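Let me begin by presenting the structure, written as structure tokens, before commenting on it.
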Amino acid sequence: MLDRTVAPPVQPLASVTLPAADVLSLPNGARLHVLRNNAQPVVRLQVVLPAGKSAEPSPGVSLLTARMLLEGTTTRTARQIADEVAFYGASLECEQGFDRATLTLYCLTRHLGNLLPLILDVLTEPSFPEQELALLKTRTVQNVRVERQKTSYLAAEQFSQRLFGASHPYGNTFEEETFQQVSSQQLRAFHQHAYQLGKAQIFLCGDILPADDLAIGQYLGQGAPQNFLDTVPPVVSSATYANAQLYVPVEGSLQASLRIGRLWPDLRHSQSHALQVLVKVLGGYFGSRLMKNIREDKGLTYGIYASIGPREHATSFVIGSDVNAANAQAAIQEVHHELWRLQQELIPENELQTVKNYMTGKFANELSTVFEQCDKYKNLIFYNLPSNYYSEFIACVQRADALTLRTLAQEYLTPESMLEVVSGPNQA
Numbered sequence: 005m006l007d008r009t010v011a012p013p014v015q016p017l018a019s020v021t022l023p024a025a026d027v028l029s030l031p032n033g034a035r036l037h038v039l040r041n042n043a044q045p046v047v048r049l050q051v052v053l054p055a056g057k058s059a060e061p062s063p064g065v066s067l068l069t070a071r072m073l074l075e076g077t078t079t080r081t082a083r084q085i086a087d088e089v090a091f092y093g094a095s096l097e098c099e100q101g102f103d104r105a106t107l108t109l110y111c112l113t114r115h116l117g118n119l120l121p122l123i124l125d126v127l128t129e130p131s132f133p134e135q136e137l138a139l140l141k142t143r144t145v146q147n148v149r150v151e152r153q154k155t156s157y158l159a160a161e162q163f164s165q166r167l168f169g170a171s172h173p174y175g176n177t178f179e180e181e182t183f184q185q186v187s188s189q190q191l192r193a194f195h196q197h198a199y200q201l202g203k204a205q206i207f208l209c210g211d212i213l214p215a216d217d218l219a220i221g222q223y224l225g226q227g228a229p230q231n232f233l234d235t236v237p238p239v240v241s242s243a244t245y246a247n248a249q250l251y252v253p254v255e256g257s258l259q260a261s262l263r264i265g266r267l268w269p270d271l272r273h274s275q276s277h278a279l280q281v282l283v284k285v286l287g288g289y290f291g292s293r294l295m296k297n298i299r300e301d302k303g304l305t306y307g308i309y310a311s312i313g314p315r316e317h318a319t320s321f322v323i324g325s326d327v328n329a330a331n332a333q334a335a336i337q338e339v340h341h342e343l344w345r346l347q348q349e350l351i352p353e354n355e356l357q358t359v360k361n362y363m364t365g366k367f368a369n370e371l372s373t374v375f376e377q378c379d380k381y382k383n384l385i386f387y388n389l390p391s392n393y394y395s396e397f398i399a400c401v402q403r404a405d406a407l408t409l410r411t412l413a414q415e416y417l418t419p420e421s422m423l424e425v426v427s428g429p430n431q432a
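Per this note's numbering, the sequence shown starts with residue 5, numbered consecutively.
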């Protein structure tokens, strides 16, 4: 008889291997990455182009270009695009990030061939209609105005500006007047430069039919080969941010938002996995030290986190929380205390093992679908990581020891090396 008072035995996760991708070079120089899995009759097609914020000639151009792709082409109106996508029960969207823009299509396997002409049209023939552009600008400005009433938005905005530099694409902030002046001519010029299909990395995953590879090559392999020159300026590291606490006033606010952090080693660092363990111990899950101290013991916040934010040209580390304004400095002192503890004390074995179990379990869960597996694979491509980066993740996490983590904390978690931003009510 099953004894339900006894927990079932737990076996440690030995290893996880990402499925191999077939990589094809299209006639125009674009690369097609194919990950096959027939568990469900669904596919995801992503066309990723170097058209993010870091590539734009002036602020706002990359965002507006990406969002305008679905607002009409030379042969289809926005309504016709939406109707065709809906007819096939598909999903189509274009997102702009700091480094790249991504057009994403989800559809049933049998409909992919029917939708490829639409994908080509959206990518290569946007019309940038003036009326839709004006409406998009208005909606975006209104959304930013609402967000800028929030201390959390202002703290994050100023943190990025100070960390990366006001002139760097990662650090420049939204300026309403400049944004409103962006013209459709600027969008067309940026599109012509950044949306050349020969510059694309194309990712196809799911239940892929034998003819799909050929069809994608036929449609998305058009155009001449392109050379892409990366001209993003480097982020200049600051060894210290002593006396650099920045206060951003928000009239009438009762809470304060904290952002504490620094530039961080990128994912290619030899101790990348161990550094992730260290950050998880500090503030990367609900049972972390920051949560236990500042939420559970002191009651200063509902939540606090520490995370690593990788980008293609710089990586950041940030601690963030929203607190009662009167408790802001007390919360910062407790953050410093937890940083100091990691520098001075060895992490107890039971705590460290709990974090390792959490990380390996979460990692395995993040690979449960072919779409999630493809997302990990994309990181290998865009962050220029070794092919065994994820296959070695579990072993590297399990090898991380308390002495190594203390040494890393002494190098990277010194409070004096951190930039501190606080956004809250006007100070008396």
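Note that CB positions come from ideal geometry on N, CA and C, so glycine has one too.
Source: prediction; values computed, not measured.
Asked: Beta-carbon separation (whole angstroms), residue 68 vs residue 137, contact threshold 8 Å; Found: 7 Å
Asked: Length of the line joining the Cα atoms of residue 139 and residue 75; Found: 11 Å
Asked: is_contact[residue 367, chain C] using C-beta, thresh 9 Å; Found: Of the protein chains in this structure there is only one, and it is not chain C.
Asked: For residue 184 and residue 124, the rounded distance between their alpha carbons; Found: 29 Å
Asked: Where the beta strand (DSSP E) containing residue 305 begins and where it ends; Found: 305-314
Asked: With 16 other Cβ atoms within 10 Å as the buried cut-off, status of residue 392; Found: exposed
Asked: Outcome for residue 307 when other beta-carbon atoms lying within 10 angstroms are tallied against a minimum of 16; Found: exposed
Asked: Contact under 9 Å by Cβ, residue 34 with residue 55; Found: no
Asked: Sequence-distant residues of the same chain with beta carbon closer than 8 Å to residue 182, five excluded per side; Found: 62, 63, 64
Asked: From 135, 219, 320, residue whose alpha carbon lies closest to that of residue 188; Found: 135
Asked: CB of residue 336 within 9 Å of CB of residue 262, strictly; Found: yes
Asked: Presumed contact (8 Å Cβ cut-off) between residue 346 and residue 410, rounded CB distance; Found: 7 Å
Asked: Residue 22 in three-state terms, based on DSSP; Found: coil
Asked: Status (buried if at least 16 other CB within 10 Å, exposed otherwise) for residue 318; Found: buried
Asked: Residue 37: first and last residue of the uninterrupted beta strand (DSSP E) it sits in; Found: 35-40
Asked: CB-CB length for residue 36 against residue 30, believed under 8 Å; Found: 6 Å
Asked: Reduced DSSP category for residue 300 - H, G, I as helix; E, B as strand; rest coil; Found: helix
Asked: Exposure of residue 198, with buried meaning 16 or more beta-carbon neighbours within 10 Å; Found: buried
Asked: Residue 277 and residue 404 closer than 9 Å at C-beta; Found: yes
Asked: Which listed residue (354, 353, 418, 270) has its alpha carbon closest to that of residue 4; Found: Only positions 5 to 432 of the chain appear in the structure, and residue 4 is not among them; the question remains open.
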